[in-house]
Structures are given as structure tokens and as C-alpha cells.
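Numbering (the numbering used here), first residue to last: 503 to 852.
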């Protein structure tokens, strides 16, 4: 049974699972490669170092572990982390977060502005986990599409610029296999402004408004190619972030580049909301590891859960950090924060 909504890899033998668990836990704690002697001496496993060494080699062969060339030890791969999260963590009790988030968001907090409460929660979950805490607020009422531009930057490169009624500007670049006719780009701009101007950002009707059986194959193919510029947009939401300095301080040397890239990527609010879309749409814990995320975020992992009344999620609570994160604590923290914040907004919004 999967803890999250990711894919589950092929099963391992019980001994391989115990050894993988030991490697993951030790590497999360130390950040260092893990060798057979360390596992044998750490207690709980009754196998000789030679047996453990053979299993480590086998786990490396099938892609669960990697062997840094400068070390005799192994480190988990993304596949190894995914198996640990999906298959091993569900068999264990999740750790205590060591804080009472429900009490923090209780009756006293109800008298505080909602944005202050969400900011405090981002601070709290970051402090508990030493990860980047991100909380998205409820959607702000009705940002609409004000204007669309389709610009030909190069013969095969098009940028789509969308301006909303709240003044936000989003830009998306699209590369084509062959030169784009400037007339098609101009036509698309006029067509899009006619069809989607005034529609709410994130409205499900955006795609349907662009369907037109009278379009020729060239126009239809071009619209389909640039459609994500519109359909990937979301309702305007406030984003509350905490822990940037904490994550950079805690990151190991090899993780600094990935974390620095994360900070730059998260400067674009819509990019973050796009990543968290599945957490907003689902009822389960959302967890993505490394390359399961878009390229700009492929060096990190995200654990998130939606919050809100039973009738639907209003936003998401998430933790972001290195692939080498304490997934058990992150999952426990996100779930507790989601429950606490759901109860809070039920009181606030009725």
C-alpha cells in the first residue's frame, strides 16, 4: 500500500528491505555514504559484513543504491528513496513532530488575520523539519485574463505573454521543430484575446473556449502547442514561505547547487503553484522526489497535502528540501499541519 501517490517499484526480499532501510536512515542522518561495516555494527541486523556487502552490491545493480567513486559506501538513488517511502515507511509509525500545531492554530489564532496564521504555520513546519516550509493561501477572488500576446522571438521560438486583471504577468516560451509563420502568431494573439479575455484564471472553460471545428490544421496545431500557457495558469494565491536560510545552512556541499536553483525557481509564484497543483486536487499526501519534478526542481523533493473543509481544498501545506530529507518527519508534519489548518479554516470560513 502506497503512502503517497507516486509509482511503486518492484519488491525486494525482506533482507534487502532491511539493508535498504538502514542505508536510507543512515544517509539521511549523516549525509555520508554507508558501508557494510557500518550497517553490521549499527545493531538490529544479524548478518555478517560479507553478506551485507553482497546485498549492497545487488541493490546497486538493480538501481536502488549508488556507489560514489570516491567512497567504499553506498547512497540511496531516487528509486531507492521511492521504494523506502512507498513500501517501508507505511509499516512504521510516523514520528512525533514535537509541536502542537492544532493548538497553535486554535481559538487565539482565530482572532489573527488569516495571512498571519498561514505565515506562522510556514515558520512552524520549517522549524520542525529544517526544510523550506511553503503554505499557499485560498484563491483570491477572480483574477481574469486581461490580455494575451503571442510574439515570435526567433524563427522557431514563440513566447506567450498573459496579463491578468490583478497585474500579474506570466511568460511561456515554446520551441517548434520548424519555422513559425509570423501571420499565424498574429492570428493566434487576436483569436486568444477574442476567446479568453475576461475569463477567470484557472477556469476549466478556458480550453473549451478555444475549441473551434472551423480551424485549419495549421492553426489548430499551433493553438494546441501553446495551450499550456493558458491551461497551466492557476487562481491567484498568496504564497507564504519560510526557512530559506535554514535550508541553505543545513544543506551538504553537494546539495548547495540544487537548493540555490530551487530558491531561484521559487521566485516565480506561478511555477510553484503549478508544481503543487496535484496536492490541491488530491486528498492524499503528495510526494515527488528529484527527477519526478520539473527540470528546474529536479534536485529537490516536495512533500505536500491540501487543506480545507470537506467540500474541497483551499490551499496546500508543503515542505521542500534536498532529496536527502527525513521523509518520515516531513510526511508526519505535513499531515498534522493539514489537519490543523483544515480545522482552522472551517472555523474561519464556516
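No residue lacks a Cβ here, since even glycine has one placed at the ideal position from N, Cα and C.
Cβ neighbour criterion (16 or more within 10 Å) applied to residue i
i           : result
residue 698 : buried
residue 520 : buried
residue 818 : buried
residue 793 : exposed
residue 636 : buried
residue 824 : buried
residue 671 : exposed
residue 545 : exposed
residue 487 : Coverage of the chain is limited to positions 503 through 852, which leaves residue 487 absent and any answer about it impossible.
residue 588 : buried
residue 535 : buried
residue 543 : exposed
residue 786 : exposed
residue 509 : With a pLDDT of 46 at residue 509, under the threshold of 50, the modelled position of that residue is not reliable, and no figure is offered here.
residue 839 : buried
residue 723 : exposed
residue 797 : exposed
residue 532 : exposed
residue 835 : buried
residue 628 : buried
residue 702 : buried
residue 842 : buried
residue 713 : exposed
Local conformation of residue i per DSSP, three classes
i           : result
residue 609 : The predicted model places residue 609 with a pLDDT of 49, which falls under 50 and marks its position as unreliable, so this point remains unresolved.
residue 677 : strand
residue 728 : helix
residue 786 : coil
residue 826 : coil
residue 846 : helix
residue 566 : coil
residue 552 : helix
residue 808 : strand
residue 671 : strand
residue 582 : helix
residue 574 : coil
residue 682 : coil
residue 793 : helix
residue 802 : strand
residue 821 : strand
residue 744 : strand
residue 690 : helix
residue 866 : The requested residue 866 does not occur in the structure, where the chain is confined to residues 503 to 852.
residue 525 : helix
Contacting residues, own chain, Cβ-Cβ under 7 Å from residue i (five flanking each side not counted)
i           : result
residue 659 : 675, 677
residue 832 : 631, 633, 805, 821
residue 888 : Residue 888 lies beyond the stretch modelled for the chain, which goes from 503 to 852, so this question has no answer here.
residue 685 : none
residue 609 : For residue 609, the predicted structure reports a pLDDT of 49, less than 50, and the residue's modelled location is therefore unreliable. A value from the coordinates is still provided. There are no such residues.
residue 665 : 648, 649, 671
residue 626 : 601, 603, 606
residue 557 : 517, 518, 521
Own chain residues within Cβ distance below 6 Å of residue i, not counting five before or after
i           : result
residue 526 : 578, 586
residue 537 : 574, 575
residue 700 : 646
residue 528 : 536
residue 639 : 620, 739, 740, 817
residue 695 : 650
residue 568 : 577, 579
residue 815 : 782, 808
residue 732 : 708
Rounded distance between the beta-carbons of residue j and residue i, thought under 8 Å
i           : j           : result
residue 808 : residue 782 : 5 Å
residue 691 : residue 652 : 4 Å
residue 750 : residue 777 : That pair is no contact at about 20 Å.
residue 657 : residue 681 : 4 Å
residue 539 : residue 551 : 5 Å
Cβ-based neighbour list, residue i, same chain, cut-off 8 Å, excluding 5 preceding and 5 following
i           : result
residue 624 : 635, 636, 637, 742, 743, 744, 745
residue 591 : 505, 829, 830, 833
residue 717 : 725
residue 854 : Lying before the first or after the last residue shown, residue 854 is absent from the chain, which here runs from 503 to 852.
residue 503 : Unreliable positioning characterises residue 503 in this predicted model, as indicated by a pLDDT of 37, which lies under 50. The coordinate reading is nonetheless provided below. These residues qualify, in order along the chain: 592.
residue 837 : 596, 787, 807
residue 844 : 809, 810, 811
residue 730 : 674
residue 728 : 652, 660, 662, 674, 676, 690
Residue-chain proximity (residue i, chain D), Cβ-Cβ < 8 Å
i           : result
residue 635 : Of the protein chains in the structure, only one exists, and it is not chain D.
### Task
Output the residue ranges of the alpha helix (DSSP H) runs that lie fully inside the stretch 612-667 and measure 4 residues or longer, sorted by chain position.
Given a length threshold of 4 residues, each whole run of the alpha helix (DSSP H) inside the stretch 612-667 is given here in chain order: 616-631.
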